[in-house]
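S.K.: Just passing along the structure, written as structure tokens.
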Amino acid sequence: MAKAGLDGHDRGVKVVARALRDAGMEVIYTGVHQTPEQVVETALQEDADAIGVSLLSGAHNYIFPRIAELMKEKGMDDVLLFGGGIIPEADVAGLAKVGVERVFQPGASLEEITTYVKEAVPRRRGVPS
Amino acid sequence: MTIQKTKTAKQRWLDEVYGPAVKRRPERKSRFSTLSDDPVDPLYTADDLEGFDPDRDLGFPGEFPYTRGVQPSMHRGRLWTMRQFAGFGSAEDSNERFHYLMTQGVTGLSVAFDMPTLMGRDSDDPLSRGEVGREGVAVDSLRDMEILFDRIPLDQVTTSMTINGPASIVWAMYLANAEKRGIPLDRLGGTIQNDCLKEYIAQREWIVPVKPAMAVVVDTFRYGSREVPRWNTISISGYHIREAGATALQELAFTLIDGLEYVKWGVEAGLDVDDFVPHLSFFFDVHSDFFEEIAKFRAARRIWAREIERRYHPRNERTLLLRTHAQTAGVSLTAQQPYNNVVRVTLQALAAVLGGTQSLHTNSLDETYALPTKEAVTLALRTQQVIAHESGVADTIDPLAGSYYLEHLTQRMEEGFARYLAEIEKFGGMVEAVERGYPQREIIESAFHFQQQVDEGEKVIVGINKYATEREPPIPTLAIDPEVERKQVERLAETRRTRDKARWKRALDELREAAKTGDELMPRFLECARAYASVGEQVAVLKDVYGVYHDPGYF
């Protein structure tokens, strides 16, 4: 789980990180103020199955594509990229195009998110869940 | 009736009337609790106020312990300041919004800076990419400050600036701008947020480690009380603590304990409490649980007055006053059914007024999507004006005093504060508790607990986990012109090209020297501002000398 850019709103990302951990997953949280490079580097080092990025600053149209681009460069095709935060509906389709599989908007429940990650990670890896 | 008599009478009612009724027809829930999940009883009576002494615990408005308000006539004398937080895009855009708000009856300005500025980074910093002008206005140098306050009478408005890590630097730019326009500093009024502790606790806009950050804050206390006496040099903020997920009690306790820590540091730096403490102001969130919020404001005033009196015995009565700004709870707004937000904001604003706030910002209905449109901001302001002029609640002072429930909640806040104070004193004070992550962890626990309650339907959010509807038609939202970033980067490059290089270099060198030797910083920031040094350049000096803070990433 990551916070990228200068955005410090980390209530959501921490609650989600906690819920994923409670659902039995191993969760690494990067802390706030990470560059896209740092996020991808951490995911590589930790051999992560998924990268979840929280963005509430309005910088999503720059940060998500940059992370997706770096993931491609590093050959991380089987790693899931998803996100959440204040991301207008109008931007969601564009983000999907660059590889952000799912965007959770305000009001999403923890169960929706954990269920999604449990289903999407093995699917991404080509493993039957 | 004595308390014992009330107790017996209440027990009789519980056993003979209430109990059987509930048995016949169960209540809506098996357990009632406040938004902060404190249990709520079916009925409050005099026996819930054990030890309560109205003379001692309430007093009168404008008198110790200020439970009923800090001014003798409260909102009858002067309404609270209607201060709408604004700033977006370029300095020109924000300047235009300020002028608009002033024509609509806003009585104080409040500047929202963009993320790069808040984090002390220039608009051309690689980390600023995509964030320039997005969440507020970009200010890189005095040049932007000149544009931002163009044609605004700085000696007639008060200006609040929500900025923390680089607060001194940006404040110095405001002062330098006034100086250039020939306005004496002692005629300027306003507030800088400048509350570094809550950055580590909740908001995460830190720059340097905790202890040097405290020293930079104390430096503004010294300069402000000497040179800019109408300025509040800090706004000790519970808002961000609450928004990060704290309960009402945690917000109250951590904020007041932060305040006590600032006072302690000021005193240890040789300042006189009666000189600087009257310039400390507060900023609380006002959330949706109506009575809990009103109690929080009342308790805050009483606790602050009692703690300052107990510790310092000030001679100046103003030293005891907790003056506060309030803002409705951003976190309570929903993207779904966004018009419901108007109702939430109204109730929250009403609680802030009944809680006796000195100033208020009401959120706009569209803020889960973006910064607010002009129309949405206007409606938010009108909400305050309707409360002020039509509801009658501002016409008498502290009208809910004496309510068994409210006084009980107020007392309970004070008791809860004492427990947190004891806990934090075990660490040696707030600075140490923050370094060890104590308040941070307490807040995460509460945030997670609340989300679980929402997911389980124990806490209802209308339009989210109850009365949800299919997608509604979109509401209009404010878009930020992507050109803003490019233009801002250009302006900064031009400032760098055209400024007096020798003066600029000397100013930064002197800042570095003062930071190293522990000499006064504010005069150096002021000279840096005059020399058009950028925010990022000055912050780089501070980071060089003091080091940087890294997020421990507790969750």
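So the protein sequences, as listed, match chains A and B.
The opening residue of the first sequence carries number 1 in our numbering; numbering runs sequentially from there.
The opening residue of the second sequence carries number 1001 in our numbering; numbering runs sequentially from there.
Backbone N, C-alpha and C define an ideal beta-carbon position, used for all residues, glycine too.
If you're wondering where the values come from, they're calculated on a predicted model, not measured in any experiment.
Name, please, each residue of chain A whose Cβ falls closer than 8 Å to the Cβ of B/L1014.
M.R.: Chain A residues near B/L1014: none, gap ~37 Å exceeds 8 Å.
S.K.: Can the beta-carbon of B/E1390 be found closer than 9 Å to that of A/S57?
M.R.: The answer is no: Cβ separation not under 9 Å.
S.K.: Please list, in chain order, the residues of the region 1313 to 1347 of chain B that have any C-beta partner in chain A closer than 7 Å.
M.R.: Against chain A - using a Cβ distance shorter than 7 Å - the residues of the region 1313 to 1347 of chain B are T1334, A1335, Q1336.
S.K.: Whole-angstrom Cβ separation of B/A1299 and B/M1430, contact assumed at under 8 Å?
M.R.: About 19 Å; that fails the 8 Å criterion.
S.K.: On the three-state DSSP scale, how would you describe A/A4?
M.R.: Looking at A/A4 - three-state DSSP - the assignment turns out to be strand.
S.K.: For chain B, check one thing: does any of its Cβ atoms lie closer than 9 Å to the Cβ of A/T30?
M.R.: Chain B contact via Cβ: present.
S.K.: For B/L1478 and B/L1347, I'd like the C-alpha separation in whole angstroms.
M.R.: Roughly 25 Å separates the two Cα atoms.
S.K.: Which of the three DSSP states is assigned to B/K1505 in this structure?
M.R.: Helix, per DSSP.
S.K.: Within a Cβ cutoff of 6 Å, which residues of the same chain sit near B/R1524, ignoring the five residues on either side of it in sequence?
M.R.: Cβ within range, chain order: E1510, L1511, A1514.
S.K.: For the beta strand (DSSP E) that contains B/H1325, what are its first and last residues?
M.R.: 1324 to 1328 is the span of the beta strand (DSSP E), which, as asked, contains B/H1325.
S.K.: Does any CB atom of chain A fall closer than 9 Å to the CB of B/Y1262?
M.R.: Not one chain A Cβ lies under 9 Å of B/Y1262.
S.K.: Let's test the definition: count the other Cβ atoms within 10 Å of the Cβ of A/L110 and tell me whether it reaches 16, buried, or not, exposed.
M.R.: That one is buried.
S.K.: Taking Cβ-Cβ distances below 8 Å as the criterion, which residues of the region 1440 to 1452 of chain B are in contact with chain A?
M.R.: Residues I1444, A1447, F1448, Q1451, Q1452.
S.K.: Can you name the start and end residues of the beta strand (DSSP E) that B/I1234 belongs to?
M.R.: 1234 to 1237 is the span of the beta strand (DSSP E), which, as asked, contains B/I1234.
S.K.: What residue range is occupied by the uninterrupted alpha helix (DSSP H) comprising B/S1391?
M.R.: No alpha helix (DSSP H) holds B/S1391; DSSP gives it neither H nor E.
S.K.: Which two residues bound the contiguous alpha helix (DSSP H) that contains B/F1064?
M.R.: Segment: none, B/F1064 is in no alpha helix (DSSP H) and carries neither H nor E.
S.K.: Using only the alpha-carbon positions, how far apart do B/Y1438 and B/A1246 sit?
M.R.: Rounded to whole angstroms, B/Y1438 to B/A1246 spans 13 Å at the Cα level.
S.K.: For the structure I just gave you, are there three or more beta carbon pairs, one from the region 1327 to 1337 of chain B and one from the region 1270 to 1289 of chain B, closer than 8 Å?
M.R.: Taking 8 Å as the limit for Cβ pairs, the verdict is that the region 1270 to 1289 of chain B does touch the region 1327 to 1337 of chain B.
S.K.: Using a 10 Å radius around the Cβ and a threshold of 16 neighbouring Cβ atoms, would you call B/F1032 buried or exposed?
M.R.: Exposed, by the Cβ-count rule.
S.K.: Which bits of chain B does A/R184 rub up against, with CB to CB less than 8 Å?
M.R.: For residue 184 of chain A there is no data in the structure shown, the boundaries of chain A being 1 and 129.
S.K.: Could you tell me which chain B residues have their CB closer than 7 Å to the CB of A/G107, listed as they occur along the chain?
M.R.: Simply T1334, A1335, Q1336, I1464.
S.K.: Report back the beta-carbon spacing between B/N1095 and B/I1163 to the nearest angstrom; my notes put them in contact at under 8 Å.
M.R.: Not quite, the Cβ-Cβ distance comes to about 17 Å (not below 8 Å), so this is no contact.
S.K.: Note down, in chain order, all residues in the region 4 to 25 of chain A with a beta-carbon under 7 Å from any beta-carbon belonging to chain B.
M.R.: Per Cβ criterion, the list reads G5, L6, D7, G8, D10, R11, K14, V15, A17, R18.
S.K.: Would B/D1053 pass as a contact of B/Y1404 if the rule is Cβ separation under 9 Å?
M.R.: Against a cut-off of 9 Å, the Cβ pair of B/Y1404 and B/D1053 comes out as no contact.
S.K.: Measuring straight from C-alpha to C-alpha, what distance separates A/E73 and B/G1270?
M.R.: Near 57 Å, if we compare the C-alpha coordinates of B/G1270 and A/E73.
S.K.: Can you tell me the Cβ-Cβ gap for A/G52 and A/A2, rounded? I've got them flagged as a contact below 8 Å.
M.R.: The pair is a contact, with the Cβ atoms about 7 Å apart (cut-off 8 Å).
S.K.: In the DSSP assignment, the alpha helix (DSSP H) including A/V121 goes from what residue to what residue?
M.R.: 110 to 125 is the extent of the alpha helix (DSSP H) around A/V121.
S.K.: Starting from the N-terminal side, write out each stretch of the alpha helix (DSSP H) that is 4 residues or longer and does not extend beyond the region 1153 to 1180 of chain B.
M.R.: List check, alpha helix (DSSP H) in window: 1167 to 1180.
S.K.: What residues of chain B sit near A/S57, judged by a beta carbon separation below 7 Å?
M.R.: Per Cβ cutoff of 7 Å: M1115, E1131, R1134, E1135.
S.K.: Looking only at its chain, what residues have a beta carbon closer than 6 Å to the beta carbon of B/A1244, apart from the 5 residues adjacent to it on each side?
M.R.: Only A1202, I1443 meet the Cβ criterion.
S.K.: Report yes or no: do three or more beta-carbon pairs, one from the region 1250 to 1260 of chain B and one from the region 1190 to 1208 of chain B, lie closer than 8 Å?
M.R.: Touching, yes.
S.K.: Going by CA-CA distance only, name the one from B/G1190, B/F1291, B/T1495, B/D1519 that's closest to B/V1535.
M.R.: It is B/T1495 whose Cα lies nearest to the Cα of B/V1535.
S.K.: I need the DSSP call for B/R1083, collapsed to helix, strand or coil.
M.R.: Three-state DSSP puts B/R1083 in a strand.
S.K.: Looking at the unbroken alpha helix (DSSP H) that takes in B/T1495, where does it start and where does it end?
M.R.: Per DSSP, B/T1495 belongs to the alpha helix (DSSP H) from 1483 to 1498.
S.K.: Considering only the alpha carbon of each residue, which of A/A50, A/A19, A/L20 lies closest to A/P122?
M.R.: Among A/A50, A/A19, A/L20, the Cα nearest to that of A/P122 belongs to A/A50.
S.K.: Exposed or buried, which one is A/Q45 when buried takes at least 16 other CB atoms within 10 Å?
M.R.: By the 10 Å Cβ count, A/Q45 comes out exposed.
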